[in-house]
Each structure stands twice: as structure tokens, then as C-alpha cells.
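Read through the structure below, which is laid out as C-alpha cells, and then see the notes.
Residue numbers (the working numbering): 610 to 781.
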């Protein structure tokens, strides 16, 4: 029942992401939403594993806070689920609006990496999940005027996975 509920929730998130209403009329600081989601995910099973790196100054964007929360939660849950057991997951936001989530683990083959944003595509068949998380992230990123980039291994490392969303931000 829990899996079915989670699956239905993911389908609704995907429909919302593809249906628009991702941007707001006014910009707001993105950091509080990211902090809240990171704390929530840590409490729900990633305790001590989520490393948050946010700029000291506000990063203002017009992405809807709920859409940003959905995007971030999907990235964090995927990173925790598919990364090396017990290893930290990094959540970083730059002043230029680059939001990245990284984890340790074996590198993902390029042919698999290329398909991960496709609906119902799962990188590891034995892992739990519906294969919708990265499709939702890609749809939200596109709707917000940004882009999702997946890399594995992490540049400069032998392994790991990095999902980066470039969000449009406003100065000051």
C-alpha cells in the first residue's frame, strides 16, 4: 500500500511538472526551501548523511517553492537510495543558481546515464523506486527555465554520481 501511494504521488508530481505553474511572478530566496527539504529527508532516513552547502547571501529565483521542494526531494532520495551505503550525499547551491546533488558509488555506464530521465527508467533493477524521480526533476527544471545535467563519475573522481540543475536566478 505504501509503494502504491508513493507511486501515485510521483505520477501526480510528474503531471504537475509537465502541466506548468512552475514559475512565480516574483523571485524569492531559494535557500530556506533547500534547508527545509534537506532537514526533512535527513529525519526520514538520511540522518547524518546529507551535507548541505549553501551560499551565505540569498540566491533569488522565481521557481515555485513547492516545485523546488519536489525537485530537491527527488534528487536527495535518489542519491541516498542509489549511493554507497552509509556514505554522505552532498546538496550544494551556488550563487549562480547551480543546484547539485552528489553521492559516492560505482560509476553509472554512459548508456544507462543517457536514459535515466526517461519515465519508468531505473538505473539498477534491484533498487526500489518507480523510475519517475529524475523524469520529474527534468520536467521541473525545464519548466523553470533551467536544465538538468547528469554526470558519472563525478568530474575528478573515480566514481560517484552528480545531478545538477541550473536554475535561472536574479541578481541581489
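All residues carry an ideal CB built from backbone N, CA and C; glycine is no exception.
Limits of the unbroken alpha helix (DSSP H) element including residue i
i	result
residue 673	Per DSSP, residue 673 belongs to no alpha helix (DSSP H) and is neither H nor E.
Opening and closing residue of the beta strand (DSSP E) in which residue i lies
i	result
residue 632	632-638
residue 721	No beta strand (DSSP E) holds residue 721; the alpha helix (DSSP H) holding it covers 719-722.
residue 665	Note, residue 665: premise wrong, no beta strand (DSSP E); not H, not E.
residue 700	698-702
Classification of residue i by the beta-carbon crowding that lies within 10 angstroms, buried from 16 upward
i	result
residue 705	exposed
residue 657	exposed
residue 773	buried
residue 695	exposed
residue 681	buried
residue 665	exposed
residue 662	exposed
residue 725	buried
residue 645	exposed
residue 761	buried
residue 709	buried
residue 647	buried
residue 744	buried
residue 742	buried
residue 654	exposed
Per DSSP, cross-strand counterpart(s) of residue i
i	result
residue 685	Residue 685 pairs with nothing; no bridge assigned.
DSSP three-state assignment for residue i, whether helix, strand or coil
i	result
residue 690	helix
residue 650	helix
residue 752	helix
residue 774	strand
residue 708	strand
residue 658	coil
residue 760	strand
Using 8 Å as the Cβ pair cut-off and three pairs as the minimum, do the segment 710-718 and the segment 758-766 touch? Yes, since at least three Cβ pairs between the segment 710-718 and the segment 758-766 fall closer than 8 Å, the two stretches touch.
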